[in-house]
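Residue numbers (our numbering): -11 to 195.
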């Protein structure tokens, strides 16, 4: 079943408020992106940062789901269909990988955004766009975290944006992850939604 419309609307409004009150350092001064600035040049900066947050959360969400799915034993399956006996004596039951079943994907969507605590924020010095990078190595290799901002505000905002996306786009996420396919980030974050305006120009392993 899809998300509750009222709950999604409340999440949407709260996400917009959270984006609106992000404190930013612009031209050496700190500004708060409130509605009073809507008619000012800062509005474009605020809107861009809000989009960076939503885009980064979408791409991080896809990355985390792919990782969680990869950790499930591929031999583990779940049976779907009716166990009733057909007139010919057969049963309409099929087995699919548990990792990509609706039951498992739904369970993942309820908790995967907790993983946003493992991300940091990085600004591109040439474009001033913000991206979000995983700051904990999954295979033990040393990571270059120079220029990466890691604090409670970053992870809190990213987690909230992730939860909003998981609720708003639950059906699309389950559909896309129900089978193995390439470039899910681009499909969800750019083609199915307008969460990213530049994701198609990002490498597939960059958030």
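Glycine is no exception: its CB is placed at the ideal position from the N, C-alpha and C atoms.
Same chain only: Cβ atoms within 7 Å of residue i, ignoring 5 sequence neighbours per side
i, result
"residue 150", "45, 48, 49, 101, 104"
"residue 13", "With a pLDDT of 41 at residue 13, under the threshold of 50, the modelled position of this residue cannot be trusted, and the question is left open."
"residue 164", "172, 175, 176"
"residue 52", "100, 103"
"residue 43", "177, 183, 184, 187"
"residue 106", "122, 123, 124"
Beta-carbon spacing of residue i, residue j below 8 Å
i, j, result
"residue 176", "residue 156", "no"
"residue 68", "residue 82", "yes"
"residue 41", "residue 146", "yes"
"residue 138", "residue 108", "yes"
"residue 142", "residue 123", "no"
"residue 95", "residue 162", "no"
"residue 88", "residue 167", "yes"
Contact set for residue i: own chain, Cβ-Cβ below 8 Å, skip 5 residues either direction
i, result
"residue 26", "In this prediction, residue 26 has a pLDDT of 40, which is less than 50 and means its spatial position is unreliable; what the coordinates show is noted afterwards. Taken in chain order, the list of residues that qualify is empty."
"residue 39", "183, 184, 185"
"residue 140", "none"
"residue 56", "96, 100"
"residue 64", "85, 86, 87"
Close Cβ partners of residue i (< 6 Å) along its chain, the five nearest in sequence each way excluded
i, result
"residue 201", "Residue 201 lies beyond the residue range present for the chain, which begins at -11 and ends at 195; the question has no answer from this structure."
"residue 131", "125"
Distance between beta carbons of residue j and residue i, contact taken as under 8 Å
i, j, result
"residue 86", "residue 121", "About 30 Å separates the two Cβ atoms, so there is no contact after all."
Write down every uninterrupted run of the alpha helix (DSSP H) in the region 127 to 175 whose length is 4 residues or greater and which is fully enclosed by it, in chain order. Runs of the alpha helix (DSSP H) inside the region 127 to 175: 140 to 156, 158 to 165.
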